[in-house]
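Engineer: Let me give you the structure first, and then I'll get to my questions.
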């Protein structure tokens with residue numbers, strides 16, 4: 089990984105300044121219910137020391153290539169730890185690569201033209217702060233062959249999907265409005281891009297195409313997070329060596345789609361060449377990666393590793409807490425949506441006095457905290473924060489002075 093923690097911190101500072109409070113839903117891939125992780129009964133989940141391991145997920149970077157050998161669409165295919173269903177994360181191909189100050193700003197898609205698939209994979213890993221298990225680049229014909237089992241699906245497009253013909257003329261691949269699309273048309277749409285058209289105009293159509301593919305996923309019952317007998321067998325990531333394997337696993341369960349928001353850079357500092365270059369929200373990226381593929385995250389500092397349980401169905405709250413924690417220097421390694429009702433006070437569970445000492449600075453950006461000693465040990469995690477209503481109230485007040493209390497409880 090070439091990106092350094094200081095650059096990630098600068099992105100979080102920008103996210104702190106620009107984050108909004110619009111209401112959006114949480115990513116559907118949020119990881120396991122609280123009880124599922126802490127009380128899993130399977131021998132594969134808890135080792136002889138009583139340490140709980142965060143189950144592994146599998147993630148692929150898929151680049152869909154157009155007829156001009158350019159990256160037209162880019163996505164992460166994330167399979168759940170159960171190996172059934174998951175999340176398709178759509179990444180703008182014009183996202184600005186995570187480069188050093190001494191380097192010229194560039195689009196991540198440009199690395200494919202100069203260095204091929206490996207260069208693109210490196211750029212995506214640096215930008216997302218993850219390690220992918222598999223990377224692939226596919227043409228429309230190749231994608232269509234992988235999507236055969238998807239069948240014909242309904243699709244709703246705000247604008248037509250257009251491509252550029254060899255003579256430079258615009259060609260309509262899919263008309264605007266409601267229609268049905270075969271795997272061949274869905275693949276052709278993902279592989280289409282019109283030269284000279286801003287990617288921002290095309291992104292809604294890309295998301296609509298991924299949504300149509302996701303409709304083919306099998307509905308699965310809601311996981312039981314209330315009992316103490318649930319367990320997750322370790323996912324054998326060695327089986328995921330092809331896009332076919334990833335797509336087939338996704339189609340065995342429910343599939344969620346998330347597309348990163350992006351901002352066009354027009355200033356001469358960040359976009360000196362005035363290309364179609366976009367910035368991502370660092371808080372949003374961290375929120376999605378920590379909830380959908382936490383096992384793929386790369387820890388960027390020696391500071392404490394934090395997992396967050398969120399009893400609110402709100403991506404706004406999730407993004408705010410991870411952005412603030414990252415700004416404070418914490419490594420956010422896992423986000424989960426808890427099925428429990430929110431308590432009034434946000435609780436910090438710790439079993440390490442050093443981690444507790446570091447977290448005592450958190451109230452400045454998280455609001456009132458209650459520190460609770462616990463014997464639960466989660467591999468790779470120093471602190472578990474369970475958000476309470478106080479955090480939501482704190483967001484409404486802006487930056488404010490807060491207090492913290494300490495208590496000791498038995499393991500849950």
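In the numbering used here, the protein residues as written are 89 to 500.
Cβ coordinates follow ideal geometry from the N, Cα and C atoms, glycine included.
1. Name, in chain order, the residues that DSSP records as bridge partners for residue 472.
2. Which residues in the same chain have their Cβ closer than 7 Å to the Cβ of residue 250, if we skip the five residues on either side of it in sequence?
3. Between which two residues does the alpha helix (DSSP H) holding residue 479 run?
4. Please state whether the Cβ-Cβ distance between residue 278 and residue 159 is less than 8 Å.
5. Compute the beta-carbon to beta-carbon distance between residue 467 and residue 439, rounded to the nearest angstrom, for a pair I have assumed lies under 8 Å.
6. Here's the rule: buried if 16 or more other CB atoms are within 10 angstroms of the residue's CB, otherwise exposed. What is residue 189?
7. Could you give the C-beta distance for residue 328 and residue 212, rounded to a whole number, given that I count them as a contact under 8 Å?
8. According to the neighbour-count rule (16 or more other Cβ atoms, all chains shown, within 10 Å of its Cβ), is residue 175 buried or exposed?
9. Within its chain, find whatever has a CB closer than 6 Å to the CB of residue 430; leave out the 5 residues flanking it on each side and keep chain order.
10. Can you tell me whether residue 366 is helix, strand or coil according to DSSP?
11. Quick check on residue 299: does DSSP put it in helix, strand or coil?
12. Tell me whether the beta-carbon of residue 183 lies closer than 8 Å to the beta-carbon of residue 389.
13. Label residue 225 either buried or exposed according to how many other C-beta atoms from any shown protein chain fall within 10 Å of its C-beta, with 16 as the threshold for buried.
14. Report the rounded CA-to-CA distance for residue 263 versus residue 248, giving the unit in angstroms.
15. With a CB to CB cut of under 8 Å and the five nearest residues on each side skipped, what residues in its chain are close to residue 360?
16. Roughly how many angstroms lie between the CA atoms of residue 445 and residue 185, to the nearest whole one?
17. Give a yes or no on whether the C-beta atoms belonging to residue 374 and residue 414 are separated by under 8 Å.
18. What is the DSSP secondary structure of residue 167, reduced to helix, strand or coil?
Structural biologist: So, from the data block:
1. 395, 437
2. Its chain contains 258, 259, 260, 261, 280, 282 as the residues whose beta carbon lies nearer than 7 Å to that of residue 250, once the 5 sequence neighbours on both sides are disregarded; these appear in chain order.
3. 477 to 485
4. no
5. About 12 Å; that fails the 8 Å criterion.
6. exposed
7. 17 Å between Cβ atoms; not a contact.
8. buried
9. These residues qualify, in order along the chain: 399, 476, 477.
10. It is a strand residue.
11. helix
12. no
13. Buried, because 16 or more other Cβ atoms sit within 10 Å of the Cβ of residue 225.
14. 4 Å
15. 192, 193
16. 35 Å
17. Contact: yes.
18. strand
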